[in-house]
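Student: Chains P and E are the protein sequences, given in the same order. Taken in order, the first sequence gives residues 1 to 283; the numbers are from this note's numbering. Taken in order, the second sequence gives residues 1 to 249; the numbers are from this note's numbering. Every residue, glycine too, gets a C-beta built ideally from N, C-alpha and C.
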Amino acid sequence: MATEPVAGDLEELAPPETLEVTERAHGARRVWSWLWPKLAALALFIGIWQVVVWSGWRPDYLLPGPLPVFQRLGQDLSQPDFYAGVAVTLRRVLVGYGIAIAIGSALGVVIARVPIVRKAVGHAILGLQSMPSIVWLPMAVLLFQATESAILLVVILGAAPAVATGLLSGIDQVQPLLVRVGRVLGARGLQLYRYVILPAALPGFLGGLKQGWAFAWRSLMAGEIINIVGHQPSLGQQLAFARDFVDAQQLYALMIVIFFIGVTVDLGFGFADRAIRRRRGLD
Amino acid sequence: MSSRAVAVERLSKAFPHRDRDLVALQDVTLEMQPGEFVCIVGASGSGKSTLLNVLAGLDTASGGRFEVQGRVALMFQEAALFPWLTASQNIELALELRGVKPSSERKRQAHDLLERVHLRGFERRRPHELSGGMKQRVALARALAQDADVLLMDEPFGSVDAITRDHLHEELVRLWHASSLTILFVTHNAREAVRLGDRVLVFTSRPGRVAQEFRIDLPRPRSLDSPELAVVAGRITERLKQEMRPDGH
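1. What did DSSP end up calling E/V68 once you bin it into helix, strand or coil?
2. Which value, in whole angstroms, describes the spacing of the CA atoms of E/Q77 and E/G133?
3. If you check the beta carbons only, do P/V93 and P/L206 fall under 8 Å apart?
4. Between the beta-carbon of E/A110 and the beta-carbon of E/E92, is there less than 8 Å?
5. Classify P/V51: buried if its beta carbon has 16 or more other beta carbons within 10 angstroms, exposed otherwise.
6. Which whole runs of the beta strand (DSSP E) in the segment 171-217 of chain E are 3 residues long or more, in chain order?
7. Which whole-angstrom value describes the C-beta separation of P/E224 and P/G236, a residue pair presumed to lie in contact below a C-beta threshold of 8 Å?
8. Determine the closest residue to E/R108 out of E/P221, E/P227, E/S88 and E/L144, with distance taken between C-alpha atoms.
9. Would you call the segment 131-138 of chain P and the segment 189-204 of chain P in contact, with 3 or more CB pairs under 8 Å?
10. Count the other CB atoms, across all protein chains shown, that sit within 10 Å of the CB of P/W213; report buried if there are 16 or more and exposed otherwise.
11. Can you look up E/P102 in the DSSP assignment and give me helix, strand or coil?
12. On a CA-only basis, which of E/H118, E/T204, E/L114 and E/Q212 is nearest E/T164? Give me that one, please.
13. Tell me the DSSP secondary structure of E/L25 in three-state form.
14. Just how far apart, CA to CA, sit P/L42 and P/F259?
15. CA-CA distance, P/L254 and E/R126?
16. Would P/A151 be called buried (16 or more neighbouring beta carbons within 10 Å of its own) or exposed?
17. Helix, strand or coil: how does DSSP classify E/G63 here?
18. Identify the continuous beta strand (DSSP E) that holds E/A7 and give its terminal residues.
19. Mind the definition here: the segment 138-156 of chain P touches the segment 117-128 of chain P only if three or more C-beta pairs lie below 8 Å; say whether that holds.
20. Along chain P, in chain order, which residues have C-beta atoms closer than 9 Å to that of E/W84?
21. Determine the DSSP secondary structure at E/A148, reduced to helix, strand or coil.
22. Exposed or buried, P/F245, counting other C-beta atoms within 10 Å across all chains shown (16 or more means buried)?
23. Are any of the Cβ atoms in chain E nearer than 8 Å to that of P/V21?
24. Among E/L58, E/T182, E/A233 and E/W176, which residue has its Cα nearest to the Cα of E/A190?
25. E/E228 by DSSP, collapsed to three states: which one?
26. Residues in the segment 85-109 of chain E with C-beta within 7 Å of chain P's C-beta atoms, listed in sequence order?
27. Note down the Cα distance separating E/S104 from E/L74, rounded to an integer number of angstroms.
28. Is P/E148 helix, strand or coil when you go by DSSP?
29. Determine whether the Cβ of P/A272 lies closer than 8 Å to any Cβ atom of chain E.
30. Starting from E/F37, trace the beta strand (DSSP E) both ways and give me its first and last residue.
31. If we ignore side chains and look at the alpha-carbon of each, how far apart do P/A2 and E/E171 end up?
32. Taking Cβ-Cβ distances shorter than 9 Å, what residues in chain E pair up with P/Q191?
33. Per DSSP, E/A73 forms a beta bridge with which residues?
34. Looking at chain E, is there any beta carbon in it that lies within less than 8 Å of the beta carbon of P/G186?
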């Protein structure tokens with residue numbers, strides 16, 4: 001008797017397929033409508049740059065035009081040395097950021113769980129976040145000299161508080177009702193965190209990860225430019241050398257590369273954020 | 001005396017509020033036989049939800065004793081599904097926390113449970129893609145997944161439209177008949193209580209106490225629109241109004 005269909009709300013009468021949204025057909029148009037304002041902004045920027053160069057405000061060897069810079073960038077991209085530099089920089093940021101995520105997450109959970117810890121360091125963590133990470137560098141150099149460890153320390157100190165703060169605010173915003181449901185279903189202690197609180201806190205955590213990345217990337221660049229380590233041709237180090245040798249074309253080419261890496265990662269975070277929101281119906 | 005599914009004896013609960021205590025429950029006493037369907041009717045703020053929370057172990061009592069035989073499940077007014085999980089995964093999580101293994105078995109059982117609440121084909125939907133009534137069905141399936149002996153329901157159909165609610169009543173009674181579940185159902189709607197319960201308990205407000213008990217002998221299946229049901233519901237509503245009047249007690 002249980003097999004006859006039951007007429008409930010109107011939606012319940014519709015088979016599941018009819019509710020699927022058919023968006024893919026307009027894929028190309030959507031990409032274009034996403035892309036063209038960015039291309040227009042880029043064209044405008046390059047135009048202004050060229051105009052400033054033509055105005056003769058600064059000599060060519062200090063402020064080259066877009067064309068020679070992009071030519072130089074093309075040359076760079078065909079040289080193995082350049083990629084070795086990118087690899088050094090990316091390895092550092094990934095290691096430092098990874099450690100910062102581990103420390104920041106642990107810190108976030110401990111602050112959320114233990115009231116006395118929250119009272120003790122809750123505000124301090126926020127304060128740390130507003131501390132310019134370059135401020136840590138002299139201390140790091142005292143402790144580790146001009147080594148990679150000093151740079152990593154600065155990256156970790158820059159990024160970990162943001163990750164902790166993001167996770168903490170994510171946990172604080174978890175609906176109490178969901179936690180109660182978890183308890184009714186029999187989840188206790190760590191299970192409650194694993195199955196309910198952490199998944200529910202994911203959007204806030206992702207916000208912290210994104211901000212942590214921004215801090216890690218800035219800290220690393222500051223560290224690499226100021227604290228030259230041995231013979232490793234990192235992006236920041238190449239940038240410092242370009243300044244020292246007044247190689248303006250190389251300097252601007254490197255800045256474009258650094259900007260490009262930052263934008264790419266940011267796009268990745270934006271994509272993940274939208275995917276999570278769409279899955280949860282938050283949009 | 002036969003073993004009771006639920007036994008509550010002089011249960012009290014007070015919340016500290018500013019400089020004094022707010023008494024939510026005072027000397028609540030009730031008993032339920034296994035397989036019984038009991039409804040509690042009371043105005044909002046009469047401590048009905050507090051009673052269920054205490055019975056479910058989400059809250060502790062300030063005084064008195066209670067005993068619940070077997071496992072307890074609790075359904076809330078909101079479906080409170082986990083929005084990051086699909087309908088099926090919500091139920092699978094309940095099964096996993098109950099210790100059902102392996103995951104293929106959990107999938108199979110979740111599928112069966114969704115079929116029991118008429119949601120076949122909706123396994124992979126996420127909560128935001130379901131209507132209010134469908135969400136409550138998933139929540140019901142999730143409560144059933146706990147394989148509880150006692151099901152506590154806190155105004156579970158309060159936020160769905162009348163037609164959907166009528167269907168949900170039908171399904172709840174059907175599922176109850178097909179099982180040995182003992183159900184304690186809280187509502188502020190006297191008709192709903194008479195439609196569902198073997199007994200209806202009228203709760204007083206502030207502090208919550210059992211003011212009167214009505215035994216409902218109407219034959220099942222019952223219809224929300226039947227005149228007999230309306231008469232009984234009218235008597236309960238009258239008693240409820242008495243309680244809500246300031247000079248009522």
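Tutor: So, to answer that:
1. Within the second sequence, residue 68 of chain E is the residue found at index 68, counting from 1. Strand at E/V68.
2. Walking along the second sequence from the start, residue 77 of chain E turns up at place 77. Walking along the second sequence from the start, residue 133 of chain E turns up at place 133. Between E/Q77 and E/G133, the C-alpha separation is close to 12 Å.
3. Residue 93 of chain P sits at position 93 when you count from the first residue of the first sequence. Residue 206 of chain P sits at position 206 when you count from the first residue of the first sequence. Remark: C-beta atoms of P/V93 and P/L206 do not approach each other more closely than 8 Å.
4. As a position in the second sequence, residue 110 of chain E is number 110, starting the count at 1. As a position in the second sequence, residue 92 of chain E is number 92, starting the count at 1. In contact: E/A110 and E/E92 (Cβ atoms closer than 8 Å).
5. What you label residue 51 of chain P is simply residue 51 of the first sequence in a count that begins at 1. A residue is called buried when at least 16 other Cβ atoms come within 10 angstroms of its Cβ; P/V51 does not meet this threshold and is exposed.
6. DSSP runs (the beta strand (DSSP E)) wholly in the segment 171-217 of chain E: 182-187, 199-203 and 210-215.
7. On the first sequence, residue 224 of chain P is found 224 positions in, with the first residue counted as 1. On the first sequence, residue 236 of chain P is found 236 positions in, with the first residue counted as 1. Confirmed, Cβ separation roughly 2 Å.
8. Indexing the second sequence from 1 puts residue 108 of chain E at position 108. Nearest C-alpha to E/R108: E/S88.
9. no
10. Here residue 213 of chain P is taken as the residue at index 213 of the first sequence, counted from 1. The residue in question, P/W213, is buried, as its Cβ has 16 or more Cβ neighbours within 10 Å.
11. The residue labelled residue 102 of chain E in the question sits at position 102 within the second sequence. Note: E/P102 maps to coil in three-state DSSP.
12. As a first step, residue 164 of chain E is located in the second sequence; it is residue number 164 there, counting from the start. Checked all of E/H118, E/T204, E/L114 and E/Q212; the closest Cα to E/T164 is E/H118.
13. The count along the second sequence starts at 1 and reaches residue 25 of chain E at position 25. E/L25 falls in the strand class under three-state DSSP.
14. Position 42 of the first sequence, counted from the first residue, corresponds to residue 42 of chain P. Position 259 of the first sequence, counted from the first residue, corresponds to residue 259 of chain P. Approximately 13 Å between the Cα atoms of the pair.
15. Within the first sequence, residue 254 of chain P is the residue found at index 254, counting from 1. Within the second sequence, residue 126 of chain E is the residue found at index 126, counting from 1. For P/L254 and E/R126, the distance between alpha carbons rounds to 45 Å.
16. Here residue 151 of chain P refers to the residue found at position 151 when the first sequence is read from its first residue. The displayed chain sequence assigns Ile, not Ala, to residue 151 of chain P. Per the 10 Å Cβ criterion, buried.
17. For the purposes of this step, residue 63 of chain E is taken as the residue at position 63 of the second sequence. In the structure shown, E/G63 sits in a strand (DSSP, three-state: E or B).
18. Here residue 7 of chain E refers to the residue found at position 7 when the second sequence is read from its first residue. For E/A7, the uninterrupted beta strand (DSSP E) run begins and ends at V6 to H17, by DSSP.
19. no
20. Taking the first residue of the second sequence as position 1, residue 84 of chain E is located at position 84. Under the 9 Å cutoff, chain P gives P199, A200, L202, I276, R279 and R280.
21. In the second sequence, the residue the question calls residue 148 of chain E occupies position 148. E/A148: coil per DSSP, three-state reduction.
22. As a first step, residue 245 of chain P is located in the first sequence; it is residue number 245 there, counting from the start. When all chains shown are included, P/F245 counts as exposed.
23. If you number the first sequence from 1, residue 21 of chain P lands on position 21. The predicted model places P/V21 with a pLDDT of 49, which falls under 50 and marks its position as unreliable, so this point remains unresolved.
24. Along the second sequence, read from residue 1 onward, the residue named residue 190 of chain E stands at position 190. The candidate whose alpha carbon is nearest that of E/A190 is E/A233.
25. Position 228 of the second sequence, counted from the first residue, corresponds to residue 228 of chain E. The answer is helix: DSSP assigns E/E228 an H, G or I state.
26. L93, A94, L97 and R98
27. Your numbering for residue 104 of chain E matches position 104 in the second sequence. Your numbering for residue 74 of chain E matches position 74 in the second sequence. One C-alpha to the other measures close to 26 Å.
28. Taking the first residue of the first sequence as position 1, residue 148 of chain P is located at position 148. Note: P/E148 maps to helix in three-state DSSP.
29. Here residue 272 of chain P refers to the residue found at position 272 when the first sequence is read from its first residue. So, not an interface residue.
30. Along the second sequence, read from residue 1 onward, the residue named residue 37 of chain E stands at position 37. Its beta strand (DSSP E) spans residues F37 to V41.
31. Taking the first sequence and counting its residues from 1, the one referred to as residue 2 of chain P is at position 2. Taking the second sequence and counting its residues from 1, the one referred to as residue 171 of chain E is at position 171. At P/A2 the pLDDT is 40, less than 50, meaning the model places this residue with poor confidence; the figure from the coordinates comes in the next sentence. For P/A2 and E/E171, the distance between alpha carbons rounds to 9 Å.
32. To locate residue 191 of chain P, count along the first sequence from 1; it is residue 191. Here the neighbours are L97.
33. The sequence position of residue 73 of chain E within the second sequence is 73, counting from 1. The partner list for E/A73 (beta bridge, DSSP) reads E/L151.
34. As a first step, residue 186 of chain P is located in the first sequence; it is residue number 186 there, counting from the start. Chain E contact via Cβ: present.
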